[in-house]
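Trainee: Structure in C-alpha cells, see below.
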Amino acid sequence: MIGRDEELRTLHGLLTDAAAGHGGALLLHGTAGVGKSALLRKLGADAAESGFRVLRTSGVETEQWLPFAALQLLLQPVARDIQNLPAAHRSALNGAFGATETEPQIYRVGLAALELLADAADRQPLLLLVDDLQWIDSSSRDVLRFVARRTGDLAIAQIAGARTQSADAYMYPDLHLEPLGRTAAAELLDAGAPELPEPVRALILERAAGNALALVELPKAAQGMSGQMDDLPLTQRLENVFAARTDSVSRQCSAFLLALAAEPAAPLNRLLQVASRLCGSEVSVDTLQEAVDAGLVTLVGRTPEFGHPLMRSAIYTRAALTDRLATHRALAVVMDDIPGCQLVHQAAAAIGPDEELADRLERFADASHARGKVAAAVPALRQAADLVLDPQRRTGILVRAAELASEVNDRVNTQMLLDRADMSALGPVERARLMIVSDKSAFEPDKPHRRIQDMVTAAAEAFDAGAGDVAEDLLWRAGIRCFFQDGDAQVRAQIAAELDRWNPDPDAPHVLAVRGYAQPYRYGADVIARLDSLEPDSEDARILHFFGTSAMSIGDFDRASRYLALAATAWRSQGRLGLLARSLSGNYPRVFLGQLNRAREESAEGLALAEETGEWMQWLGLKATAGLVAALRGEVEEAARSVRELRAHSLFAGMRYVTVVAQQVDGLLALFDGRATEAYDILACAFDPTDLHYHSMRRWLLALDLADAAVAAGTVEQARELLADLPELADRLPSEAMVVAHAYTDAVLAADDTAEERYAAALTTLPASWTLARARLHLHHGRWLRRQRRNVDARTPLRLARDEFDRIGAQPWAEMVREQLRATGESSGRRHANTSEQLSPQETQIAVLASQGLTNREIGQRLFISHRTVGAHLYRIYPRLGITSRGKLPAALAALHEEQPEATLSGGPK
Numbered sequence: 024m025i026g027r028d029e030e031l032r033t034l035h036g037l038l039t040d041a042a043a044g045h046g047g048a049l050l051l052h053g054t055a056g057v058g059k060s061a062l063l064r065k066l067g068a069d070a071a072e073s074g075f076r077v078l079r080t081s082g083v084e085t086e087q088w089l090p091f092a093a094l095q096l097l098l099q100p101v102a103r104d105i106q107n108l109p110a111a112h113r114s115a116l117n118g119a120f121g122a123t124e125t126e127p128q129i130y131r132v133g134l135a136a137l138e139l140l141a142d143a144a145d146r147q148p149l150l151l152l153v154d155d156l157q158w159i160d161s162s163s164r165d166v167l168r169f170v171a172r173r174t175g176d177l178a179i180a181q182i183a184g185a186r187t188q189s190a191d192a193y194m195y196p197d198l199h200l201e202p203l204g205r206t207a208a209a210e211l212l213d214a215g216a217p218e219l220p221e222p223v224r225a226l227i228l229e230r231a232a233g234n235a236l237a238l239v240e241l242p243k244a245a246q247g248m249s250g251q252m253d254d255l256p257l258t259q260r261l262e263n264v265f266a267a268r269t270d271s272v273s274r275q276c277s278a279f280l281l282a283l284a285a286e287p288a289a290p291l292n293r294l295l296q297v298a299s300r301l302c303g304s305e306v307s308v309d310t311l312q313e314a315v316d317a318g319l320v321t322l323v324g325r326t327p328e329f330g331h332p333l334m335r336s337a338i339y340t341r342a343a344l345t346d347r348l349a350t351h352r353a354l355a356v357v358m359d360d361i362p363g364c365q366l367v368h369q370a371a372a373a374i375g376p377d378e379e380l381a382d383r384l385e386r387f388a389d390a391s392h393a394r395g396k397v398a399a400a401v402p403a404l405r406q407a408a409d410l411v412l413d414p415q416r417r418t419g420i421l422v423r424a425a426e427l428a429s430e431v432n433d434r435v436n437t438q439m440l441l442d443r444a445d446m447s448a449l450g451p452v453e454r455a456r457l458m459i460v461s462d463k464s465a466f467e468p469d470k471p472h473r474r475i476q477d478m479v480t481a482a483a484e485a486f487d488a489g490a491g492d493v494a495e496d497l498l499w500r501a502g503i504r505c506f507f508q509d510g511d512a513q514v515r516a517q518i519a520a521e522l523d524r525w526n527p528d529p530d531a532p533h534v535l536a537v538r539g540y541a542q543p544y545r546y547g548a549d550v551i552a553r554l555d556s557l558e559p560d561s562e563d564a565r566i567l568h569f570f571g572t573s574a575m576s577i578g579d580f581d582r583a584s585r586y587l588a589l590a591a592t593a594w595r596s597q598g599r600l601g602l603l604a605r606s607l608s609g610n611y612p613r614v615f616l617g618q619l620n621r622a623r624e625e626s627a628e629g630l631a632l633a634e635e636t637g638e639w640m641q642w643l644g645l646k647a648t649a650g651l652v653a654a655l656r657g658e659v660e661e662a663a664r665s666v667r668e669l670r671a672h673s674l675f676a677g678m679r680y681v682t683v684v685a686q687q688v689d690g691l692l693a694l695f696d697g698r699a700t701e702a703y704d705i706l707a708c709a710f711d712p713t714d715l716h717y718h719s720m721r722r723w724l725l726a727l728d729l730a731d732a733a734v735a736a737g738t739v740e741q742a743r744e745l746l747a748d749l750p751e752l753a754d755r756l757p758s759e760a761m762v763v764a765h766a767y768t769d770a771v772l773a774a775d776d777t778a779e780e781r782y783a784a785a786l787t788t789l790p791a792s793w794t795l796a797r798a799r800l801h802l803h804h805g806r807w808l809r810r811q812r813r814n815v816d817a818r819t820p821l822r823l824a825r826d827e828f829d830r831i832g833a834q835p836w837a838e839m840v841r842e843q844l845r846a847t848g849e850s851s852g853r854r855h856a857n858t859s860e861q862l863s864p865q866e867t868q869i870a871v872l873a874s875q876g877l878t879n880r881e882i883g884q885r886l887f888i889s890h891r892t893v894g895a896h897l898y899r900i901y902p903r904l905g906i907t908s909r910g911k912l913p914a915a916l917a918a919l920h921e922e923q924p925e926a927t928l929s930g931g932p933k
C-alpha cells in the first residue's frame with residue numbers, strides 16, 4: 024500500500040485491541056476509487072497472517088431489497104455453528120435466511136448473529152470486512168450496526184467501507200480516506216506504468232487528483248487520452264476507460280458481462296443461460312475465461328466479480344437501451360423460481376406504465392409485509408409506483424412504502440420516498456398517513472402550534488373519509504405534541520373538540536391518552552377514575568403503553584411506572600428495541616418516587632437504544648432524566664454534561680418537556696452548591712409563560728425545588744405568588760404529582776404559626792410511594808423545628824430523612840441532613856456506599872439479574888448483549904464488591920442496602 028501508512032496504523036490498532044478482547048468498529052469512507060477496497064483487502068491479508076479469522080461481505084445494488092442478503096454472505100463460513108446456538112437464536116437466524124415463512128424481528132436476528140460471532144471469536148479473533156456499505160440491504164445494515172455497538176468485550180473488529188459518511192445511517196466511528204498526496208500518487212503511477220512519456224504522466228497525475236483507481240486504470244488507456252476527456256468528471260472518465268476495454272471482446276462475452284452487470288448476485292449457470300438467450304446460441308464457461316483473461320472480471324471461488332463497481336456501472340450504462348431491456352427480460356425468465364428477483368427484472372424491463380405488473384408488485388409487497396419481510400416490501404412498492412399512470416395512486420403507493428420504511432427505521436428511504444410523492448395528488452387519507460410518517464422528523468422548533476392544527480385538520484378529514492384508525496393515530500400524535508411542545512390552549516381545545524365529535528368510547532386507550540395529553544386539567548380526574556376501573560392485559564405492550572403514558576401525562580406516577588415497566592418487558596421479549604426505548608423514556612416518574620437507581624439504569628439503557636434506533640425524541644427525554652438523576656445523586660459534572668448535551672441538540676428549543684427539566688437540573692445544582700438566590704431565579708423561569716423553559720403541566724414537578732430555594736433565598740412571598748394557581752389546579756386534577764406539589768409547598772412555605780399543622784397534613788397526604796418527597800418534607804420539618812429551638816424534636820424527622828436519602832442514593836440531601844443533625848447535637852455514622860456508586864448502570868443490571876439466578880445467556884437475551892459480554896462484566900464486578908463468585912452476589916448486594924449504623928449523641932454513649 025502506497026501512501027496509506029497512517030490509515031494502516033489506525034486499522035492495525037483496531038486489530039491489536041480486538042486480539043486483546045477489546046473489539047471495535049470503524050467506517051472507512053471516501054469517494055469511488057480512492058482506495059477503500061484495496062485498503063480492506065490489505066487489512067484482511069494482514070489480519071489473517073496475524074491469526075484472525077476474516078469474514079467478508081459487500082453491498083450489491085440489486086440486492087438492496089433482499090433482506091439479510093449481505094448478512095448471510097458474511098456468516099456463511101460460520102453457518103454450521105448456528106446449530107449449536109440456543110433454540111431462540113437458531114430460529115432467528117433460520118428465519119432471517121428464509122428457512123421459515125415469517126421473518127423475525129431485526130434485533131432478535133442481531134442478537135443471534137452477535138452470539139454466533141462471539142462464540143467464534145472465543146476460539147479465534149474475528150475481523151468482519153464490509154465493503155460498499157451504502158448498498159447493503161437495510162436489514163443486514165441494522166444487524167451489522169447492532170453487532171458493532173456490542174463488541175467492546177469481544178475479540179471482534181468490524182471495518183466497513185462506504186462512499187459517503189452518514190452517522191445517521193451507519194453510526195460507526197469514521198475515518199475519511201483522502202486522495203493520495205502528490206508524492207504518493209506519483210509513486211503509485213510509476214509503480215504501475217514506469218514507461219509513460221512525461222507529458223502523459225503529468226496529465227494523468229493532474230486528472231487523477233490522487234484517486235488510486237484512476238492512477239492504476241488511466242495509464243492503460245494512455246494512448247486514447249485526448250483533450251475531450253479534460254472536462255469530464257473523474258468517475259465518468261474512469262467509466263469510459265473501463266467501458267473501452269470491452270470493445271475487443273466477443274459478442275458472447277459482451278452479453279455475459281452485461282448480464283453480470285445487471286445481476287451481480289446471480290449464479291454463474293444462470294448468467295450463462297441469460298447470455299445464451301441474448302446471443303441465440305449456447306454460451307459456455309469459455310466466455311467467462313475470456314472475461315477473466317481480459318482483466319474484466321475476477322473469480323472468487325466459482326463466482327465472477329467485477330474488479331470495481333465502476334466497471335459494472337460502466338458496462339451497464341454504455342450498453343444500448345434495447346440490450347439492457349433484453350437482458351432484464353432474460354433474467355426475469357431464468358429467475359422465475361425467485362419471485363422477488365423476477366419482479367425486479369420485469370420492472371426494470373418495463374418501458375412505460377404497466378398496471379398489471381404494478382399490481383403484482385403490490386401483492387408481493389403485501390405478502391412480504393404479512394411475513395414480516397418489510398425490507399423486501401419497500402422496494403417492491405417503490406418500483407410499483409414507477410409503473411402506474413394515475414398520480415393519486417402513485418402517491419398512495421409511495422406513502423405506503425414510506426410508512427413501511429419508517430416502520431423499520433430506514434430514514435434515508437423514508438425521506439426519499441416522501442420527496443417523490445406528489446402532494447397535490449393526496450387524498451384526505453393519504454394526507455393523514457403522510458403526516459404520521461413524517462411525524463418523527465417534523466418537530467420544528469418554531470410554530471409548533473401550526474403543525475398541531477394541521478394534524479387535527481388532517482385527522483378530521485381522514486375520519487370523515489372512513490379511515491378511523493388513521494385518524495385516531497394522527498390525533499393521538501397531535502396530543503403527544505401538546506405534551507412535548509406544550510401546545511397552547513387553542514390547539515388543546517381543538518384536539519379535544521375533534522375527539523368529542525367522533526363520539527368515542529371513553530374507555531378506549533387512545534381516547535384516555537389523547538384527553539390526558541391535550542387537556543389534563545379538564546379530563547385528568549376522569550382519566551384517573553377510568554384507569555382505576557380498567558385492567559389491561561399484562562402482555563399487550565401497546566395497550567400498556569397507552570395506559571402508562573396516559574397516567575404519566577396527568578401525574579399519576581405510581582401507575583405510570585407500573586404500566587410502562589410491563590410494556591417495556593413485553594417489548595423486550597419481542598425484540599422491539601425502538602418501542603422499548605419509548606417505554607423506557609417514560610421512566611422519569613421513578614425519580615420522584617425515589618427510585619433513583621432504577622431510573623439511572625433505565626435511562627442509560629434507553630439512551631443507548633434510542634441512539635441505535637433513531638428515536639431522538641425519546642433520547643431527549645432520557646437524557647433529561649439522566650441529568651436529573653445525576654444531580655440528585657450529587658454527580659455534578661455528569662449532570663452538567665447532560666444539560667450541555669441537551670441544550671446543544673437541534674430539537675431542544677422546541678421541546679418544552681425537556682427544556683423545563685434542563686432548567687430544573689441547573690436550579691438544583693445551584694441550590695446544592697449554596698447559591699440559593701441564583702437557584703430560585705433559575706427555577707422561577709419555569710413558571711413564566713413567556714420563557715423557553717415553561718411547561719404548563721410539567722412545571723409543577725419543579726414546585727418542590729422552587730419552595731426549597733425560596734426558603735433558602737428568603738423569597739417565600741415571591742414563591743407563593745408563582746404557585747398561586749396550584750391549589751385550584753390540584754383540586755381539578757387530583758393526581759399524585761399535583762397533590763404532592765400542593766401539599767409539599769403548602770407546608771414548606773407556611774408561616775410559622777401554621778407550619779406545624781401543615782407539615783402534619785402534608786405527611787398524611789403524600790402517597791406512600793413518593794418516598795423522595797416524603798424524605799425532603801422530613802428534612803424541612805426538622806429544619807423548621809430547629810429554627811423553633813426544638814432540637815430534640817427535630818432529630819426524629821431528620822433521622823427519617825437521612826435514612827431515606829441514604830437508601831435511595833440522594834447524596835446532596837443526605838449531607839444536608841447530617842449537617843442538621845450535627846446542629847442538634849447528634850452525629851451520624853458513615854453512609855454505606857450505594858450499589859450504583861460501585862457499579863455502572865449496566866453492571867448493576869447484570870449483577871442484580873445474576874443474583875436472581877439468571878444464566879449469562881438469559882441476562883444477555885434480556886439486555887441485548889452477548890453472554891460473553893455478561894461474563895466479562897461479572898469478572899469485573901466481583902472484585903469491586905469484594906467477592907469471588909456468583910453465589911456470593913445476593914449477600915454482597917444486600918450488604919450495600921443494610922441500614923445505617925445507629926446515630927449517637929455528641930459526647931454521649933454509643
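Numbers in the working numbering are just positions in the sequence shown, counted from 1, shifted up by 23.
Backbone N, C-alpha and C define an ideal beta-carbon position, used for all residues, glycine too.
If you're wondering where the values come from, they're calculated on a predicted model, not measured in any experiment.
Which residue's Cα is closest to the Cα of arginine 383: Val815, Leu410, Lys396?
Mentor: The residue given as residue 383 occupies position 360 in the sequence shown. Ranking Val815, Leu410, Lys396 by Cα distance to arginine 383 puts Leu410 first.
Trainee: Indicate whether alanine 424 and arginine 405 have their beta-carbon atoms separated by less than 7 Å.
Mentor: Indexing the sequence shown from 1 puts residue 424 at position 401. Indexing the sequence shown from 1 puts residue 405 at position 382. Cβ distance < 7 Å, so alanine 424 and arginine 405 count as in contact.
Trainee: Report yes if the CB atom of threonine 768 is closer than 7 Å to the CB atom of leucine 746, and no otherwise.
Mentor: Indexing the sequence shown from 1 puts residue 768 at position 745. Indexing the sequence shown from 1 puts residue 746 at position 723. Yes, the pair counts as a contact, with Cβ atoms nearer than the cut-off.
Trainee: Starting from the C-beta of proline 913, find all residues in its chain whose C-beta is less than 6 Å away, skip the five residues before and the five after it, and write them out in chain order.
Mentor: The count along the sequence shown starts at 1 and reaches residue 913 at position 890. Cβ neighbours of proline 913 beyond the five flanking positions: Ser874.
Trainee: Which residues in the same chain have their Cβ closer than 6 Å to the Cβ of valine 694, if we skip the five residues on either side of it in sequence?
Mentor: Counted from its first residue, the sequence shown places residue 694 at position 671. For clarity, residue 694 is leucine in the given sequence; the question names valine instead. So the qualifying residues of the chain are Ala702, Ala732.
Trainee: Tell me which same chain residues have a C-beta within less than 6 Å of the C-beta of alanine 483, skipping the five on either side of it?
Mentor: Taking the sequence shown and counting its residues from 1, one reaches residue 483 at position 460. Closer than 6 Å at Cβ, skipping near neighbours: Glu521.
Trainee: Evaluate proline 712 with the Cβ neighbour count: other Cβ atoms within 10 Å of its Cβ, from every protein chain shown; 16 or more gives buried, anything less gives exposed.
Mentor: Taking the first residue of the sequence shown as position 1, residue 712 is located at position 689. With fewer than 16 Cβ atoms within 10 Å of its Cβ, proline 712 is classed as exposed.
Trainee: In terms of residues, what are the limits of the alpha helix (DSSP H) holding isoleucine 179?
Mentor: Residue numbering aside, residue 179 sits at position 156 when the sequence shown is read from its first letter. Careful: isoleucine 179 lies outside any alpha helix (DSSP H), inside the beta strand (DSSP E) at 179-185.
Trainee: For valine 431, I'd like the list of residues in its chain whose CB is within less than 6 Å of its CB, leaving aside the five on either flank, ordered along the chain.
Mentor: Taking the first residue of the sequence shown as 1, we reach residue 431 at position 408. Closer than 6 Å at Cβ, skipping near neighbours: Val397.
Trainee: Given threonine 174, which residues of its chain have a CB within under 6 Å of its CB, disregarding the five upstream and five downstream residues?
Mentor: Numbered from its first residue, the sequence shown carries residue 174 at position 151. So the list reads Gly46, once near-sequence residues are dropped.
Trainee: Using a threshold of 7 Å, state whether the C-beta atoms of threonine 794 and glycine 617 are closer than that.
Mentor: Locating residue 794 in the sequence shown gives position 771, counting from the first residue. Locating residue 617 in the sequence shown gives position 594, counting from the first residue. Contact flag set, yes.
Trainee: If we ignore side chains and look at the alpha-carbon of each, how far apart do serine 584 and histidine 568 end up?
Mentor: Within the sequence shown, the letter at position 561 stands for residue 584. Within the sequence shown, the letter at position 545 stands for residue 568. If I take the Cα positions, the gap works out to 10 Å.
Trainee: Looking at proline 202 and leucine 49, is the spacing between their C-beta atoms short of 7 Å?
Mentor: For this step, residue 49 is matched to residue 26 along the sequence shown. For this step, residue 202 is matched to residue 179 along the sequence shown. Not a contact, by the Cβ cut-off of 7 Å.
Trainee: For glycine 629, does the three-state DSSP call read helix, strand or coil?
Mentor: Walking along the sequence shown from the start, residue 629 turns up at place 606. Helix, per DSSP.
Trainee: Less than 7 Å separating the beta-carbons of serine 626 and leucine 651?
Mentor: Along the sequence shown, one-based indexing puts residue 626 at 603. Along the sequence shown, one-based indexing puts residue 651 at 628. Contact: no.
Trainee: Could you check what DSSP says for serine 576 in three-state terms: helix, strand or coil?
Mentor: If you number the sequence shown from 1, residue 576 lands on position 553. DSSP places serine 576 in helix when its eight states are reduced to three.
Trainee: Since aspartate 493 and alanine 455 should fall inside the 8 Å C-beta cutoff, what is the C-beta to C-beta distance between them, to a whole number of angstroms?
Mentor: As a first step, residue 493 is located in the sequence shown; it is residue number 470 there, counting from the start. As a first step, residue 455 is located in the sequence shown; it is residue number 432 there, counting from the start. It is worth fixing the name first, because residue 493 is valine in this sequence and not aspartate. Yes, they are in contact, since the Cβ atoms of valine 493 and alanine 455 sit about 5 Å apart, within 8 Å.
Trainee: With a threshold of 7 Å on Cβ separation, who are the neighbours of valine 550 within its own chain once the five nearest residues in sequence on each side are excluded?
Mentor: By 1-based counting over the sequence shown, the position of residue 550 is 527. The answer, listed in chain order, is Leu535, Arg538, Gly539, Ser573, Ile577.
Trainee: Applying the criterion that 16 or more other CB atoms from any shown protein chain within 10 Å of the CB defines a buried residue, is aspartate 165 buried or exposed?
Mentor: On the sequence shown, position 142 is the one that residue 165 refers to. Buried, because 16 or more other Cβ atoms sit within 10 Å of the Cβ of aspartate 165.
Trainee: From the DSSP output, which residues share a beta bridge with proline 327?
Mentor: Start at 1 with the first residue of the sequence shown, and residue 327 comes out as number 304. Proline 327 pairs with Leu322.
Trainee: Report yes or no: do three or more beta-carbon pairs, one from the region 653-661 and one from the region 828-843, lie closer than 8 Å?
Mentor: Verdict: yes, contact present.
Trainee: Answer with buried or exposed for aspartate 555, where buried requires no fewer than 16 other C-beta atoms within 10 angstroms of its C-beta.
Mentor: Counted from its first residue, the sequence shown places residue 555 at position 532. That one is exposed.
Trainee: Using the rule of at least 16 other Cβ atoms within 10 Å of the residue's Cβ for burial, across every protein chain shown, is glutamate 974 buried or exposed?
Mentor: The requested residue 974 does not occur in the structure, where the chain is confined to residues 24 to 933.
Trainee: For arginine 350, which of helix, strand or coil comes out of DSSP?
Mentor: Along the sequence shown, one-based indexing puts residue 350 at 327. Going by the sequence as given, residue 350 is threonine instead of arginine. Three-state DSSP puts threonine 350 in a helix.
Trainee: Decide if methionine 334 is buried, meaning its Cβ has at least 16 other Cβ atoms within 10 Å, or exposed.
Mentor: For the purposes of this step, residue 334 is taken as the residue at position 311 of the sequence shown. It counts as buried.
Trainee: Can you give me the C-alpha to C-alpha distance between phenylalanine 506 and alanine 266, rounded to a whole angstrom?
Mentor: One-based indexing of the sequence shown puts residue 506 at position 483. One-based indexing of the sequence shown puts residue 266 at position 243. If you take the alpha carbons of phenylalanine 506 and alanine 266, they lie about 59 Å apart.
Trainee: Helix, strand or coil for valine 153? Go by DSSP, reduced to three states.
Mentor: Within the sequence shown, the letter at position 130 stands for residue 153. The answer is strand: DSSP assigns valine 153 an E or B state.
Trainee: Shortest alpha-carbon distance to histidine 896 belongs to which of Arg347, Ala707, Gly910, Ser863?
Mentor: Along the sequence shown, one-based indexing puts residue 896 at 873. Ranking Arg347, Ala707, Gly910, Ser863 by Cα distance to histidine 896 puts Ser863 first.
Trainee: May I have the straight-line CA-CA distance separating methionine 358 from alanine 185, to the nearest angstrom?
Mentor: Working through the sequence shown from its first residue, we reach residue 358 at position 335. Working through the sequence shown from its first residue, we reach residue 185 at position 162. Each residue's alpha carbon lies about 29 Å from the other.
Trainee: Runs of 4 residues minimum, wholly inside the region 799-853: which ones carry the alpha helix (DSSP H) assignment?
Mentor: The region 799-853 contains these whole alpha helix (DSSP H) runs: 814-831, 834-846.
Trainee: Using a 10 Å radius around the Cβ and a threshold of 16 neighbouring Cβ atoms, would you call proline 543 buried or exposed?
Mentor: Here residue 543 refers to the residue found at position 520 of the sequence shown. Under this definition proline 543 is a buried residue.
Trainee: Assuming contact is defined by CB atoms lying nearer than 7 Å, are glycine 609 and glutamate 638 in contact in what I supplied?
Mentor: Stepping through the sequence shown from its first residue, residue 609 is reached at position 586. Stepping through the sequence shown from its first residue, residue 638 is reached at position 615. Contact flag unset, no.
Trainee: The alpha helix (DSSP H) that contains arginine 386, what's its start and end?
Mentor: Within the sequence shown, numbered from 1, the residue matching residue 386 stands at position 363. Unbroken alpha helix (DSSP H) run through arginine 386: 378-393.
Trainee: Using a Cβ-Cβ cut-off of 7 Å (strictly less than) and excluding sequence neighbours within five positions of serine 249, which residues of its own chain qualify?
Mentor: In the sequence shown, counting from the first residue as 1, residue 249 sits at position 226. Legend: pLDDT at serine 249 = 48, less than 50; position of this residue unreliable, value from coordinates given subsequently. Correct list: empty, nothing qualifies.
Trainee: Tell me whether threonine 878 is buried or exposed, calling it buried when 16 or more other Cβ atoms sit within 10 Å of its Cβ.
Mentor: Residue 878 sits at position 855 when you count from the first residue of the sequence shown. The residue in question, threonine 878, is exposed, as its Cβ has fewer than 16 Cβ neighbours within 10 Å.
Trainee: With a floor of 4 residues, list each alpha helix (DSSP H) that falls wholly inside the region 516-568, ordered by position along the chain.
Mentor: Those alpha helix (DSSP H) runs which fall completely within the region 516-568 and span 4+ residues are 532-541, 543-556.
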